[in-house]
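Q: Pasting in a structure now, in structure tokens, and then I'll have a few things to ask.
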């Protein structure tokens, strides 16, 4: 089941707890009645100085032939191994892949509790940010481990700016095996700003694109249409230079005059302009049922437009929305629609009114400077089990995790594909550096076997 839009609040207080069933009694200062000195500034730990402690669960080991250089999130340090083992076992029961290290030579207590060994730096940073948001002094360190399956990976939906505010929305295919997630960014006062999206499918196709105005899957989900976004800044001059127009024309393979006529204002204050060009990209090899090379690659459509994109119900026509007249606001509708043949990508004239379809997007939370992570429980069914978020952590128990409870990372659940291979969530942003940036961003977790 896809979560409903109404059950996703835009804001919420982050509860002072460690995560789903982590024994919410545990805080960083007092654990199991003992005082713990929790993680802190530490240089990367050399593998040769790390010794795994004995005791179940044994998921990692430096001496195993298949051990690899990895990253891990250090969540606590203890002077006593018994206390460290207790915390490790509690975290393991909650679904974390945990291990201990005996590390000397610095100011922290020697027994280090670590979780989530990975080779994915963004994932490690995001997990650490999740612990930090709940008052744990977590840090990312170097380690060595035998990576368990499934391996968790993380992909950001939008690698560009979220602006002053971003709205998250997503859509799943009729068979539940594919999903599109959009992070719709807007600048101050709702000025237009390019968006980012990610398409994921259980056939192995992952498409992530930044700098787009809009995106829509075809009715059969075998192609994606999106409007490539171009921004042109005057930067204190009176007008756009010939070189700037020519640069956009070169990138779009369109005539300079076509670009100039199709440009639109995105800011009346600093005289910035935008341009849109539609692009169609297959989501399945040979998406047309034959072997033409052009049908298996991304194809910019040779027209000006793509502020908004749609498809007709039969998928034979791409609806290309023209930009608004005057200054474009981020949520401005298209001023007119053109029909482009979906086979030869030739312009067929104005689109007959009412012939395109609006994707049934599910609305997610808004991301802005003072937003906090919703912590209410949310659950979606996946093959052989479920995935849920509760208290700020995303957890799965399913066929993909061999029936075991597994914490994927921090966040609030948006949706998941049918097998649970892909899970969309909103998470703390470890790259946010100023109070003007949204502290949350949208991502997709992937479980790879």
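In our numbering, the protein residues as written are 2 to 450.
Glycine is no exception: its CB is placed at the ideal position from the N, C-alpha and C atoms.
#1: Do you know how far the Cα of residue 392 is from the Cα of residue 95?
#2: Given this structure, state the Cα-to-Cα distance separating residue 200 from residue 284, to the nearest angstrom.
#3: Can you tell me which of the three DSSP states residue 262 falls into?
#4: Which runs of the beta strand (DSSP E) at least 3 residues long sit entirely within the region 110-173? Give them in chain order.
#5: Whose C-beta lies closer than 7 Å to the C-beta of residue 139 among residues of the same chain, with five residues either side of it excluded?
#6: Touching or not, the region 273-281 and the region 224-243, by the rule of three or more beta carbon pairs under 8 Å?
#7: Give the range of the alpha helix (DSSP H) segment to which residue 84 is assigned.
#8: Taking the beta strand (DSSP E) that residue 365 falls in, what are its first and last residues?
#9: Return the bridge partner residues of residue 441 from the DSSP annotation.
#10: Please report how far the alpha carbon of residue 148 lies from the alpha carbon of residue 440, in whole angstroms.
#11: Name the one or two DSSP bridge partners that residue 346 has.
#12: Starting from the C-beta of residue 115, find all residues in its chain whose C-beta is less than 8 Å away, skip the five residues before and the five after it, and write them out in chain order.
#13: For the beta strand (DSSP E) containing residue 248, name the first residue and the last one.
#14: Going straight from the alpha carbon of residue 329 to that of residue 169, what length do you get?
#15: To the nearest angstrom, how far is it from the Cα of residue 432 to the Cα of residue 212?
#16: Excluding the 5 residues flanking residue 215 on each side, which residues of the same chain have their C-beta closer than 8 Å to its C-beta?
#17: Given this structure, state the Cα-to-Cα distance separating residue 422 from residue 357, to the nearest angstrom.
#18: Can we say the region 369-385 touches the region 240-260, given the rule of at least three CB pairs closer than 8 Å?
A: This is what the structure gives:
#1: If you take the alpha carbons of residue 95 and residue 392, they lie about 12 Å apart.
#2: When rounded, the distance between both Cα atoms is 8 Å.
#3: DSSP, read as helix, strand or coil, puts residue 262 in helix.
#4: DSSP runs (the beta strand (DSSP E)) wholly in the region 110-173: 112-119, 140-146, 152-157, 166-173.
#5: Closer than 7 Å at Cβ, skipping near neighbours: 40, 74, 75, 76, 129, 132, 133.
#6: Enough Cβ pairs lie closer than 8 Å, so yes.
#7: Element bounds for residue 84: 82-95.
#8: Start and end: 363-369.
#9: Residue 441 is bridged to 429.
#10: So the two alpha carbons sit approximately 30 Å from each other.
#11: Residue 346 pairs with nothing; no bridge assigned.
#12: Short of 8 Å from the beta carbon of residue 115, and not among the five residues preceding or following it, lie these beta carbons of its own chain, in chain order: 73, 74, 75, 76, 99, 100, 101, 102, 142, 144.
#13: Looking at the DSSP string, residue 248 is not in any beta strand (DSSP E); the run it does join, the alpha helix (DSSP H), is 243-253.
#14: Computed Cα separation, rounded: 20 Å.
#15: Approximately 19 Å between the Cα atoms of the pair.
#16: Scanning its chain for C-beta atoms nearer than 8 Å, with the 5 sequence neighbours on each side dropped, one finds around residue 215 the residues 196, 227, 228, 307, 308, 309, 310, 322, in chain order.
#17: If I take the Cα positions, the gap works out to 31 Å.
#18: Verdict: no, contact absent.
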